[in-house]
Amino acid sequence: MHKPLSQSFQSVDSGEFFAVGVDIGGTGIKAAIVNGRGDLLESCRAPSPRTVSSLRDFVHSVKQRAKIPVRGIGVGCKGIIDASSTRVKSCPGDLCFLEGECLSEVLDVGDLPICAENDARVALIGEVLWGAARGRRNVVMLTLGSGVGGAVLVDGAILTGVNNAAGHLGHTTMDPHGGLCICGNYGCLETYFSSRAIESDYWAHMHRAAPTKLSMRNDGELPDPEAIFRAAADGDECARYVVNRALEYLGAALVGFLHTFDPEIFVLGGNIVAAGPQLIAPIQDKIARRTRILLGREVPIVFQKMVGFGGVAGAAGLVFVNEKLLSI
Ligand SMILES: [Zn+2]
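Here's what the structure looks like:
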């Protein structure tokens, strides 16, 4: 049993100690052996497990590949995770088979400590320990992927709330009359600015035979956000409309978060970062217009440093913090 991460923490130069970091996502699972400086020594990925036993087999195979003793296993997982018991309290969608499960029991690794937290929170922990938010004490992070995850560091402590649900910023209502979200609410940020939202908006235009430059891919998949952002830059009117609309919602949401949390820095992570630096300038512009009176200062908006395996590193970082190997 491990305490939830509610203390303030900061990074220090650490010695050679190691942990297994695991990041369970809706489409893929990633893991690595991570050292105390956040370096990934060995990493692997696989399609997301669909059963408890396939998750256990994956983690055991990673652990066996470690040629060195590890201090524990850290797990980042979608949904609401009770860090004190490692129980998955709520996880709608592809990983719903984990709901109600206690990850330390599921993984069954003997006496090795197991820590678990929400995936966006571990990504933020990784960025605070080793990445784009290193040394910061007030940070807001959004992970922009198939959904929108969020995590908030306030005065050096991860905001948890009374039920561990705090920081689910992707479920901020942008339009009370908007579409139904996975969470049961309507018009959440996630329904406007996630890879699935952008893909489906572009597809809706294709379906209506609006003039689009992209078409279905050879494998039958929709054009992905990276292609849609590129098409927008190349003059595809439809892509430009879809991207501008999504950015308008994202910018408005960020303004709300800036007014709510007043952070030093805002970190954007997740697959959508592949859209590149062209994402940042229009967002900064929209934010500057909307914050000029009350906030009156420019807040840096940066990309996650550890793209791809940031959640894995952060999950291992959770072990280091809980085991007091990195100073708090
Ligand atoms: Zn929602």
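Quick note, the sequence shown lines up with residues -14 to 313 if you use this note's numbering.
Backbone N, C-alpha and C define an ideal beta-carbon position, used for all residues, glycine too.
Bear in mind the structure is a predicted one, so any value in this text is a computation, not a measurement.
Listed by chain order, which residues have C-beta atoms less than 5 Å from any heavy atom of ligand 1? His156, Cys166, Cys168, Asn170 and Cys173
Assess contact between the region 23 to 33 and the region 62 to 78, defined as three or more Cβ pairs (one per stretch) separated by less than 8 Å. Is contact present? no
Going straight from the alpha carbon of Thr145 to that of Asp270, what length do you get? Rounded to whole angstroms, the gap between the alpha carbons of Thr145 and Asp270 is 31 Å.
Cutting at 6 Å between CB atoms, please list the residues of its own chain near Gly152, excluding the five before and the five after it. Gly135, Ala136, Val137 and Leu144
Exposed unless 16 or more other CB atoms sit within 10 angstroms - verdict on Leu239: buried
What residue range is occupied by the uninterrupted alpha helix (DSSP H) comprising Leu40? Under the DSSP assignment, Leu40 falls in the alpha helix (DSSP H) whose first and last residues are Val37 to Arg50.
Count the other CB atoms, across all protein chains shown, that sit within 10 Å of the CB of Leu235; report buried if there are 16 or more and exposed otherwise. buried
Between the CA atoms of Arg193 and Gly111 - distance to the nearest angstrom: 43 Å
Does the distance from the CB of Val60 to the CB of Ala4 come in under 8 Å? no
Kindly indicate which three-state DSSP category Cys87 falls into: helix, strand or coil? Correct three-state label for Cys87: strand.
Three CB pairs or more closer than 8 Å across the region 295 to 309 and the region 259 to 278: Under the Cβ criterion (8 Å, minimum of three pairs), the region 295 to 309 does not count as touching the region 259 to 278.
How would you write the range of the beta strand (DSSP E) that Gly57 sits in, first residue to last? Where Gly57 is concerned, there is no enclosing beta strand (DSSP E), given that its DSSP letter is neither H nor E.
Length at least 3, wholly inside the region 217 to 281: the beta strand (DSSP E) runs in chain order: 250 to 254
Contact between the region 13 to 32 and the region 103 to 110 (3+ Cβ pairs under 8 Å): no
Along the alpha helix (DSSP H) that carries Val113, what are the first and last residues, could you check? Asp104 to Trp115
Start and end residues, alpha helix (DSSP H) containing Asp79: Asp79 -> no alpha helix (DSSP H), and no H or E assigned at all.
Are three or more beta carbon pairs between the region 245 to 255 and the region 221 to 234 nearer than 8 Å? no
Ends of the beta strand (DSSP E) at Leu303? Per DSSP, Leu303 belongs to no beta strand (DSSP E); it is in the alpha helix (DSSP H), Gly295 to Asn307.
Alpha carbons only, please: which of Asp219, Ser28, Ala224 and Lys290 is nearest the one belonging to Ala182? Ala224
So, for Val37: in the same chain, excluding its five sequence neighbours on each side, which residues have a beta-carbon less than 7 Å away from its beta-carbon? Phe82, Glu86 and Val91
Please return the same chain residues whose Cβ sits closer than 7 Å to the Cβ of Ala298, not counting the five positions on each side in sequence. Hits under 7 Å: Gly6, Val19, Gly23, Leu25, Gly111, Trp115 and Met291.
Ser28 in three-state terms, based on DSSP: strand
Might you give, ordered along the chain, the residues of its own chain that have their beta carbon closer than 7 Å to the beta carbon of Arg282, omitting 5 neighbours on each side? none
Would the region 174 to 181 and the region 122 to 133 be scored as touching if the rule is three or more Cβ pairs under 8 Å? Yes, the region 174 to 181 touches the region 122 to 133.
Residues bridged to Thr128 by DSSP? Gly134 and Gly254
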